[in-house]
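Numbering (this note's numbering), first residue to last: -12 to 386.
The beta-carbon is built from N, C-alpha and C at its ideal position, and this holds for glycine as well.
So the structure is just underneath, and the comments pick up after that.
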Ligand SMILES: Cc1cc2nc3c(=O)[nH]c(=O)nc-3n(C[C@H](O)[C@H](O)[C@H](O)COP(=O)(O)OP(=O)(O)OC[C@H]3O[C@@H](n4cnc5c(N)ncnc54)[C@H](O)[C@@H]3O)c2cc1C
């Protein structure tokens, strides 16, 4: 198969890849996206939750074709059965298979080309510079030459590794996710996301119920991969959770199973090489607290594409030129993700009793501050109401 040369090849048509492709194409960059899936968006590996701000930041308006439910907040369930209700600005549970197709359609309308069922095998290099990819479609292998390659191929990016960037996740910084999409549920509060914590429920992780309507929801779990062992894998914990809540799940059945890994630390050393950039899960650009990555991936993809397009226009796709993307990211969103990473480590140190106390003393505003990585005022709350937790909080959250 003979493929023409491109200015930019994007590997992966997830949220990161299709947003990067759209912004590249809008800037007049001749762009090709390849995805190994035969149908974009399917199967999904996601609980499909996103907040309105995450969509608005890249100019996407919520669309009834891919919004299944509107969400007004989340209920945090403590190990002992306590609840903290947090109302935040609007959010949604999507039908991600359709959402991803629409992102691709928008990129195509902007001028990008797509090839599905096309697997990128490896990056092609001349010395240290990436000059294209080797790919395969229906058993046929071929080369695609390109000034710039963007790896948006998700967790454990193979393309980045073949180019020379280590994207491997450590088992202690990697959540193992397992989820059923279920129908026939008896849901309490289907405009809220429900998060369940506790060592017996989900060690160093949580169980979620993300409603997709009155009686349909994504019911899933993420636990640290290092906690997973025979009989106590993510799926075992989730099955036990479902069995122990007959009032919710008694008449329900799964209509889908979804599994996947979630990077919960920003541990990739570099995002750029000569002629090469990585973005989204591939670059571990994920919220380390809840594992949400769609909004972050799309925000990073916009920045990545803007810098990439300008570099192509200038005829300089060197690592030094492309570093503008990495520098801007690390100095803005990266700072927040590093702070949230510390919060994740702090939360992992709490036992169930500490967690109970923690949930007891924190107000809705405190929780919103925590999720925004604003910790200062919380030290006062800990000092007054939970002095036992204060040293741990100071150790992990100050500075
Ligand atoms: C169980 C679970 C629940 C989650 N829930 C949420 C949630 O509720 N909200 C949220 O925001 N995030 C959630 N996430 C995280 C979210 O799914 C990711 O952060 C997001 O998909 C990252 O987007 P991406 O485009 O970087 O990667 P992906 O969406 O993973 O896209 C990568 C694409 O690359 C393609 N690809 C891979 N290798 C190749 C190759 N060699 N050649 C060609 N194509 C290739 C894949 O087919 C895929 O289409 C969840 C993750 C899991 C596992």
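Restricting attention to beta strand (DSSP E) runs no shorter than 3 residues, the segment 135 to 191 encloses them at 161 to 170 and 179 to 183, ordered along the chain. Secondary structure remark: continuous beta strand (DSSP E) runs of at least 3 residues inside the segment 330 to 374: none found. Distance from the CA of residue 58 to the CA of residue 77, rounded to the nearest whole angstrom, comes to 6 Å. Burial is judged here by how many other beta carbons sit within 10 angstroms of a residue's own beta carbon; residue 370 has fewer than 16 and is exposed.
If you look at residue 5, you'll find it in the alpha helix (DSSP H) that goes 2 to 13. Taking 4 residues as the shortest admissible run, the segment 238 to 316 contains the following complete alpha helix (DSSP H) segments, listed from N- to C-terminal end: 281 to 301. Taking C-beta atoms under 8 Å as the contact rule, residue 248 and residue 156 qualify, at a distance of about 7 Å. Here residue 181 has 62 and 196 as same chain residues with Cβ atoms under 6 Å from its own Cβ, once five neighbours each way along the sequence are excluded. Looking at the DSSP output, residue 37 shares a beta bridge with 79. By the neighbour-count definition (other C-beta atoms within 10 Å, threshold 16), residue 218 is an exposed residue. In the DSSP assignment, residue 99 falls outside any beta strand (DSSP E) and carries neither an H nor an E.
Look at residue 198 here: in three-state DSSP terms it is strand. For residue 57, the uninterrupted beta strand (DSSP E) run begins and ends at 54 to 64, by DSSP. Judged by beta-carbon spacing, residue 331 lies within the 8 Å limit of residue 251, meaning their Cβ atoms are closer than that value. It is roughly 25 Å from the alpha-carbon of residue 176 to the alpha-carbon of residue 274.
Closest by C-alpha distance to residue 337, out of 377, 32, 288 and 259, is 377.
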